Amino acid sequence: MRFKYVLNEVLVGLWRNVTMTIAMVITMSVSLFMLGASVLLYMQVDQMKSYYYGEIEVSIFLRTDVTDAQRTAIDTAISSNPLVSNKTYETREEAFKRFQELWADSPDFVKSVGPDSLPESFRVKLKDPEKYKTFADQMQGMAGIQDVIDQRTLLDKVFNIFNGFQVGSLGVAAFMAVAALLLVGNTIQVAAYSKRREVAVMKLVGASNWFIQAPFVLEAVVAGVVGSVIGFGVLFLGKVVLLDHKLQALTTILTPVHNSNVFLMLPLLAGVGAVVSAVTAWVTLRFYLKV
Numbered sequence: 007m008r009f010k011y012v013l014n015e016v017l018v019g020l021w022r023n024v025t026m027t028i029a030m031v032i033t034m035s036v037s038l039f040m041l042g043a044s045v046l047l048y049m050q051v052d053q054m055k056s057y058y059y060g061e062i063e064v065s066i067f068l069r070t071d072v073t074d075a076q077r078t079a080i081d082t083a084i085s086s087n088p089l090v091s092n093k094t095y096e097t098r099e100e101a102f103k104r105f106q107e108l109w110a111d112s113p114d115f116v117k118s119v120g121p122d123s124l125p126e127s128f129r130v131k132l133k134d135p136e137k138y139k140t141f142a143d144q145m146q147g148m149a150g151i152q153d154v155i156d157q158r159t160l161l162d163k164v165f166n167i168f169n170g171f172q173v174g175s176l177g178v179a180a181f182m183a184v185a186a187l188l189l190v191g192n193t194i195q196v197a198a199y200s201k202r203r204e205v206a207v208m209k210l211v212g213a214s215n216w217f218i219q220a221p222f223v224l225e226a227v228v229a230g231v232v233g234s235v236i237g238f239g240v241l242f243l244g245k246v247v248l249l250d251h252k253l254q255a256l257t258t259i260l261t262p263v264h265n266s267n268v269f270l271m272l273p274l275l276a277g278v279g280a281v282v283s284a285v286t287a288w289v290t291l292r293f294y295l296k297v
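In our numbering, the protein residues as written are 7 to 297.
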């Protein structure tokens with residue numbers, strides 16, 4: 007009987023303040039969408055780091071006037087180095103062909119670069135990419151070497167940009183969360199005020215605070231869960247429409263966003279939405295019932 011009464015009061019309360027309920031649901035959905043997107047981005051950046059850092063190569067560019075003896079000595083030094091996992095040698099012709107394929111969409115730029123403009127190089131993969139500095143110090147002084155470049159320095163700049171997106175999305179999510187909390191608290195206050203006479207009568211007849219608070223708290227929980235489902239739906243739809251279809255070209259840079267990771271966001275968002283809404287409503291009512 008009590009459960010039926012509480013459920014009925016929840017439905018009546020949601021319908022009575024339908025405009026504020028809709029506003030609360032929309033705010034919660036936007037906030038939780040941003041939270042889910044930032045968590046998913048965080049997971050994706052970590053996945054990309056594991057993938058790309060595992061594929062890092064050290065490029066050893068040779069001088070234009072390198073001699074055959076110097077090239078052989080460099081090759082021998084690389085092959086005998088215990089830090090090296092494997093190596094490949096790239097001639098100027100091969101480097102220029104790869105350059106043409108990479109910039110095929112910019113023919114004018116390709117025409118401005120001649121076959122002799124790109125140096126020959128060794129591409130070296132280390133057993134432990136963290137040992138780059140040691141390996142570079144061992145190779146840097148050899149005759150015939152122009153430069154030793156680690157791809158990690160380039161990747162770090164890219165990941166710094168992604169980390170900035172992480173912080174930015176978390177900041178927006180936090181800002182929207184504050185707005186959602188204020189809206190939840192305000193909605194519960196309005197709902198409690200509209201039923202102030204009923205609440206007063208219930209207190210006079212000895213109803214417990216929990217019994218009085220339950221319908222209001224459940225209203226907030228329902229709004230939070232509905233908002234989380236909408237936020238998850240937008241997140242999943244964005245992943246399918248943008249990443250899986252519109253931005254397929256980026257798959258050469260971005261590692262795939264697995265559906266399993268996206269589905270993990272649903273219980274996370276639902277839990278956060280329900281708990282935050284319930285706690286906010288409970289705290290708001292604690293102040294109200296003390297009056």
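The beta carbon of each residue, even a glycine, is placed where N, CA and C say it ideally should be.
Please read these numbers as outputs of a predicted model, since none were measured by experiment.
- When only Cα atoms are considered, D134 and A83 end up about 18 Å apart.
- Under the 10 Å beta carbon count, G230 is surrounded by 16 or more other beta carbons and is classified as buried.
- Remark: C-beta atoms of I66 and F128 approach each other more closely than 7 Å.
- Assignment of beta-bridge partners to N267 by DSSP yields no partner.
- A Cβ-Cβ contact shorter than 7 Å links M34 with A186.
- Sequence-distant Cβ neighbours of S91 in its own chain, meaning closer than 7 Å and more than five residues away, are K131, L132 and K133.
- Here DSSP, grouped into helix, strand and coil, assigns I167 to helix.
- Around the beta carbon of L188, fewer than 16 other beta carbons lie within 10 angstroms, which makes this residue exposed.
- Annotated three-state conformation of T97 is coil, per DSSP.
- One thing to note: R69 has its Cβ no nearer than 7 Å to the Cβ of Q146.
- When DSSP states are grouped into helix, strand and coil, L124 belongs to the coil group.
- Of the candidates S86, K245 and M148, the residue whose Cα lies closest to the Cα of N265 is K245.
- In this structure the stretch 113–127 does not touch the stretch 166–186; the number of beta carbon pairs closer than 8 Å is below three.
- Here A284 is near V227, since their CB atoms are less than 7 Å apart.
- In the displayed model, D71 falls within coil according to three-state DSSP, outside both helix and strand.
- The C-beta of D143 has fewer than 16 other C-beta atoms within 10 Å across all chains shown, which makes the residue exposed.
- Burial state of S123 is exposed, judged by a 10 Å Cβ sphere holding fewer than 16 other Cβ atoms.
- Taking all protein chains in view, the Cβ of D156 is crowded by 16 or more other Cβ atoms within 10 Å, so the residue is classified as buried.
- Under the Cβ criterion (8 Å, minimum of three pairs), the stretch 168–177 does not count as touching the stretch 25–32.
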